[in-house]
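Each remark here refers to the structure printed beneath this line.
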Amino acid sequence: MAGLNPLERLQEEATCSICLVFFNDPVSLDCGHNFCRACIAQFWEGVGTDHETVSCPQCRETFQQRNLRTNRQLANIVEIAKQLSVQTAGGTEGEAKCKEHGETFKLFCKDDEAFICVICRESRDHRTHKVFPVGEAAQEYKEYLQTQMMPLKKKREDLMKYKLDGEKESLKWLEKTEAERQKIVLEFQKLRQFLEEQEQLLLTQLAKLEKEIVQRQGDSITILSKNISQLDNLICEIEGKYQQPVNEFLKDIKSTLSRCKTVHFKKPVFMPHDLTVQLSSSSQTNIYLQEALTKFKETLPFELREGIRCFPSQSLSPPTSNEACRAANQQPREDICRGMTESWISGFGAVDFSSMTSGHALQKPGFPPRRHQNWNEGGFDWE
2 MAGLNPLERL
12 QEEATCSICL
22 VFFNDPVSLD
32 CGHNFCRACI
42 AQFWEGVGTD
52 HETVSCPQCR
62 ETFQQRNLRT
72 NRQLANIVEI
82 AKQLSVQTAG
92 GTEGEAKCKE
102 HGETFKLFCK
112 DDEAFICVIC
122 RESRDHRTHK
132 VFPVGEAAQE
142 YKEYLQTQMM
152 PLKKKREDLM
162 KYKLDGEKES
172 LKWLEKTEAE
182 RQKIVLEFQK
192 LRQFLEEQEQ
202 LLLTQLAKLE
212 KEIVQRQGDS
222 ITILSKNISQ
232 LDNLICEIEG
242 KYQQPVNEFL
252 KDIKSTLSRC
262 KTVHFKKPVF
272 MPHDLTVQLS
282 SSSQTNIYLQ
292 EALTKFKETL
302 PFELREGIRC
312 FPSQSLSPPT
322 SNEACRAANQ
332 QPREDICRGM
342 TESWISGFGA
352 VDFSSMTSGH
362 ALQKPGFPPR
372 RHQNWNEGGF
382 DWE
């Protein structure tokens, strides 16, 4: 804005940042920015804003209610800017003349994208071309550019909303990851004497999953930020071109229009399916630990009260045959306790806790069927 002359600055201040033309029924928001009444209403409707909270499309400040104040002083300034623009446009058009015929350029040839005079219009070079008055051609292109700007801004709003939603989704998954971490630590504390290595493995795998989530989030945000930056640059370029004099504005106009039409972006996935499967598998491992600990707490005191008559089998369930009990009773009591503990340690040690990252279910003999928790549906089913 510093390089603009006073008239251009006046025109800039009298232009709506949404429709890019002079304000029509300007209104002010609580943040001080101004927009056409119809433009701001259409913007809020397009982004799906509720009736309680709205935001300024220019500074993103949010408000609790739609408080639109008519800016009559700005409306008067807009009328003055319109009059000055008409006078300046007339003077600029009068200065350019045809070098061949010495006539003022009053026509614009769409086929050649060139200014021509009335004599050039009748020449063989332009006789079959589409020729329009300069003002009419400029107005037509301006109206067309205006229709192209709204989809671009809508795309930008969609990307911004998708970025914010993605960040919230990633935060939700990170919170679930942290919750899983706390549950895993709690379960391993209860079985610390023979589950230290398994605990460390689970935490390492979970940290790796968390790192992958953060990495995927960072990659997605980087892609979205790059796309948004490209849209900002294109929008800024079009806004600058829109304020140019007619002679400069119509130069390379088709190239500008073509760039508007070819803007397409592919939205990245913040949380891919394989990562959700890994986190769900981690939850299944934690459920198994809870069931195993409950089984252990219920079984061990009972066996101790009964005098530990026999060893638990490798399936983590006490054998009931009389022959096994008689054989166990012939051994010292401390050997029986040691054998039972070693059996439990062996049973837990045989579990492949690293399978949490591959999505394989864990099931040990002697335990009830494990519940499967679906993170997306919040329910359980049984094997």
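Residue numbers (our numbering): 2 to 384. C-beta atoms are modelled at their ideal positions from N, C-alpha and C, and glycine is treated no differently.
Check: Taking one C-beta from the stretch 102–114 and one from the stretch 190–207 each time, how about it: are there three or more such pairs within less than 8 Å?
Finding: Not touching, per the Cβ criterion.
Check: Within 10 angstroms of its Cβ, does Leu221 collect 16 or more other Cβ (buried), or is it exposed?
Finding: If you number the sequence shown from 1, residue 221 lands on position 220. According to the sequence displayed, residue 221 carries Ser and not Leu. In this structure Ser221 is buried. Its beta-carbon is surrounded by 16 or more other beta-carbon atoms within 10 angstroms.
Checklist line | Candidates Lys156, Gln199, Gly241, of which the one nearest Glu9 by Cα | finding: Stepping through the sequence shown from its first residue, residue 9 is reached at position 8. Sorting Lys156, Gln199, Gly241 by C-alpha distance to the C-alpha of Glu9 places Gly241 at the top.
Check: Which stretch, first to last residue, makes up the alpha helix (DSSP H) that contains Ser29?
Finding: Taking the sequence shown and counting its residues from 1, one reaches residue 29 at position 28. Looking at the DSSP string, Ser29 is not in any alpha helix (DSSP H); the run it does join, the beta strand (DSSP E), is 27–29.
Item checked: Three-way DSSP call (helix, strand, coil) for Ala15 in this model -> Numbered from its first residue, the sequence shown carries residue 15 at position 14. Correct three-state label for Ala15: coil.
Margin query: Helix, strand or coil, according to DSSP, for Lys155 in the structure here?
Written below: The residue you call residue 155 lines up with position 154 of the sequence shown. Lys155 falls in the helix class under three-state DSSP.
Notebook entry, point to check: Any idea what DSSP makes of Glu94, helix, strand or coil?
Noted result: Position 93 of the sequence shown holds residue 94. Because the pLDDT of Glu94 is 47, which lies under 50, any placement of that residue in the model is unreliable, and the question is left without a value.
Item checked: Spatial neighbours of Leu290 in its chain, beta-carbon cut-off 7 Å, leaving aside the 5 residues before and after -> The count along the sequence shown starts at 1 and reaches residue 290 at position 289. Contacts found: Glu188.
Notebook entry, point to check: DSSP on Ser171, reduced to helix/strand/coil?
Noted result: Here residue 171 is taken as the residue at index 170 of the sequence shown, counted from 1. Helix at Ser171.
Next item on the list: Count the other CB atoms, across all protein chains shown, that sit within 10 Å of the CB of Thr54; report buried if there are 16 or more and exposed otherwise.
Entry: One-based indexing of the sequence shown puts residue 54 at position 53. Around the beta-carbon of Thr54, fewer than 16 other beta-carbon atoms lie within 10 Å, marking it exposed.
Check: Can you find at least 3 beta carbon pairs, one from the stretch 211–229 and one from the stretch 134–143, that sit closer than 8 Å?
Finding: Judged by Cβ distances under 8 Å, the stretch 211–229 makes no contact with the stretch 134–143, as fewer than three pairs qualify.
Notebook entry, point to check: Is Val55 helix, strand or coil by DSSP?
Noted result: Within the sequence shown, numbered from 1, the residue matching residue 55 stands at position 54. DSSP places Val55 in the strand class (E or B) of the three-state scheme.
Checklist line | the stretch 158–175 contacting the stretch 141–150, beta-carbon criterion three pairs below 8 Å | finding: The way I'd put it, the stretch 158–175 doesn't touch the stretch 141–150; fewer than three beta-carbon pairs between them come closer than 8 Å.
Checklist line | Close beta carbons around Arg260, own chain, < 7 Å, minus the five adjacent residues each side | finding: Taking the sequence shown and counting its residues from 1, one reaches residue 260 at position 259. Taken in chain order, the residues that qualify are Leu235.
Margin query: Strictly by DSSP, which residues pair up with Leu108?
Written below: On the sequence shown, residue 108 is found 107 positions in, with the first residue counted as 1. Partner(s): Ile117, Pro134.
Notebook entry, point to check: Distance, Cα to Cα, Leu210 vs Phe297?
Noted result: As a working mapping, residue 210 is identified with position 209 in the sequence shown. As a working mapping, residue 297 is identified with position 296 in the sequence shown. Whole-angstrom Cα-Cα distance: 30 Å.
Notebook entry, point to check: When the distance is taken between beta carbons, is Cys57 closer than 7 Å to His34?
Noted result: Indexing the sequence shown from 1 puts residue 34 at position 33. Indexing the sequence shown from 1 puts residue 57 at position 56. Yes, these two residues count as a Cβ contact at 7 Å.
Notebook entry, point to check: Using a Cβ-Cβ cut-off of 6 Å (strictly less than) and excluding sequence neighbours within five positions of Gln63, which residues of its own chain qualify?
Noted result: As a first step, residue 63 is located in the sequence shown; it is residue number 62 there, counting from the start. Sequence check: residue 63 is Thr here, not Gln. Counting only Cβ-Cβ distances below 6 Å, and skipping sequence neighbours, we find Thr54, Ser56.
Next item on the list: Return the Cβ separation of Ile214 and Ser171 in integer angstroms, given the expectation that the two are a contact with Cβ distance under 8 Å.
Entry: Here residue 214 refers to the residue found at position 213 of the sequence shown. Here residue 171 refers to the residue found at position 170 of the sequence shown. Between the beta-carbon of Ile214 and that of Ser171 there is about 6 Å, and that keeps the pair under the 8 Å contact cut.
Notebook entry, point to check: Roughly how many whole angstroms lie between the Cα atoms of Ile19 and Lys262?
Noted result: For the purposes of this step, residue 19 is identified with residue 18 of the sequence shown, where counting begins at 1. For the purposes of this step, residue 262 is identified with residue 261 of the sequence shown, where counting begins at 1. Across the structure, Ile19 and Lys262 are spaced so that their CA atoms are roughly 19 Å apart.
Item checked: Extent of the continuous beta strand (DSSP E) to which Asn35 belongs -> The sequence position of residue 35 within the sequence shown is 34, counting from 1. Asn35: member of the beta strand (DSSP E) spanning 35–37, first to last residue.
Next item on the list: Look at the alpha carbon of Val247 and the alpha carbon of Gln74, and state the distance between them as a whole number of angstroms.
Entry: Stepping through the sequence shown from its first residue, residue 247 is reached at position 246. Stepping through the sequence shown from its first residue, residue 74 is reached at position 73. If you take the alpha carbons of Val247 and Gln74, they lie about 28 Å apart.
Next item on the list: Less than 8 Å between the CB atoms is what I'm expecting for Leu153 and Leu276, so what's the real figure, rounded?
Entry: To locate residue 153, count along the sequence shown from 1; it is residue 152. To locate residue 276, count along the sequence shown from 1; it is residue 275. Contact flag wrong, Cβ pair sits at about 33 Å.
Next item on the list: Determine the closest residue to Glu158 out of Glu249, Leu225, Thr129, Glu101, with distance taken between C-alpha atoms.
Entry: Counted from its first residue, the sequence shown places residue 158 at position 157. Ranking Glu249, Leu225, Thr129, Glu101 by Cα distance to Glu158 puts Leu225 first.
Next item on the list: Measure the Cβ-Cβ separation of Ile120 and Glu104 and say whether it is below 7 Å.
Entry: Mapped onto the sequence shown, residue 120 falls at position 119. Mapped onto the sequence shown, residue 104 falls at position 103. In contact: Ile120 and Glu104 (Cβ atoms closer than 7 Å).
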